[in-house]
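As structure tokens, the structure follows; a few thoughts come after it.
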Amino acid sequence: MADPFQTIYQAIIADPSNQQYTKRGIKPLYYAGPDARILLIAQAPGQKAQEQGMFWNDRSGRRLRDWLGISWDEFYYSGKIAIMPMDFYFPGNSPHGDLPPRPDFASKWHPQLLKLMPNIQLTILIGAYASRAYLHLDQKTSLTSIVQNYQDYLPQYFPIVHPSPRNRVWMSRNPWFAKDVLPDLKTRVQKIMQDQ
């Protein structure tokens, strides 16, 4: 019997909308497995992540693992962490950074993968694209207000800002994030990771 995760992986590669990547030998970048308990959803792989074939292998990743209170091995090798960005391919550059993820990508592939991961207990929404999409909020809703009211979306969703060092100014202006939000996030993640 075919592995359903592998079947979806091959379908993503074969999808005509992804041929611009497939023809260049670029594989979709995401992590999904039957034992996943925590799901991370962010914007889309950056160019470096796509070239390495590895998420969060940078300063942002180190900070994210610190926020979650988990080690490198737990993050990458425990099987308890799934990562499904809003697009599984680097969307390209714009004058102001990376282009946004394709708007129809997540709605096509996320539900298929989520059906195969019944043990997800917490979905961490990283940044505005993931938060607005999964929480069904419009573009006018600021990420600051979403994160400040994170308890409204629990226990299923936990929205946070991106752990990029570029967000240091935002964090200095919003000290409640480090004081109140991050300790709660770490506690919840630790409990899920440690439960048998």
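Take 1 as the starting number for the sequence shown in the UniProt record's numbering and just add one per residue.
For every residue, glycine included, the Cβ atom is placed at its ideal position computed from N, Cα and C.
As the structure is a computational prediction, the values presented were derived from the model and not from experiment.
Proximity winner among the options, relative to residue i (alpha-carbon distances)
i	options	result
Met86	Asp3, Leu99 and Leu68	Leu99
Arg102	Gln20, Arg24, Val169 and Ala44	Ala44
Gln52	Asp66, Leu29, Arg63 and Ser145	Leu29
Gly33	Lys186, His110, Ser145 and Leu68	His110
Ile83	Arg59, Asp138 and Ile126	Ile126
Phe88	Gln156, Tyr31 and Arg168	Tyr31
Asp195	Arg132, Asp152, Asp58 and Ser78	Ser78
Asp104	Ala133, Pro118 and Leu39	Ala133
Asp35	Thr22, Leu143 and Ile120	Ile120
Ala11	Pro95, Gln112 and Phe55	Gln112
Ala106	Phe75, Ser94 and Ser131	Ser131
Length of the line joining the Cα atoms of residue i and residue j
i	j	result
Gln47	Gly92	8 Å
Thr141	Ile41	18 Å
Gly97	Phe90	12 Å
Lys27	Leu122	27 Å
Ser17	Ile8	15 Å
Asp3	Tyr129	30 Å
Val189	Gly61	16 Å
Ile192	Arg59	25 Å
Arg65	Ser172	20 Å
Thr144	Phe5	35 Å
Ala178	Ile70	17 Å
Exposed unless 16 or more other CB atoms sit within 10 angstroms - verdict on residue i
i	result
Gly25	exposed
Trp72	exposed
His136	exposed
Trp176	exposed
Lys80	buried
Tyr157	buried
Pro159	buried
Pro163	buried
Gln50	buried
Check: residue i C-beta below 7 Å from any heavy atom of the ligand SAH
i	result
Asp152	Only the bare structure without any ligand can be found here, which leaves the ligand SAH out of the picture.
Residue i (DSSP reduced to helix, strand or coil)
i	result
Ser71	coil
Asn18	helix
Gly61	helix
Tyr30	coil
Ala36	coil
Asn167	helix
Ile81	strand
Leu154	coil
Residues bridged to residue i (per DSSP)
i	result
Pro159	Leu125
Asn93	Asp98
residue 244	Residue 244 lies beyond the stretch modelled for the chain, which goes from 1 to 196, so this question has no answer here.
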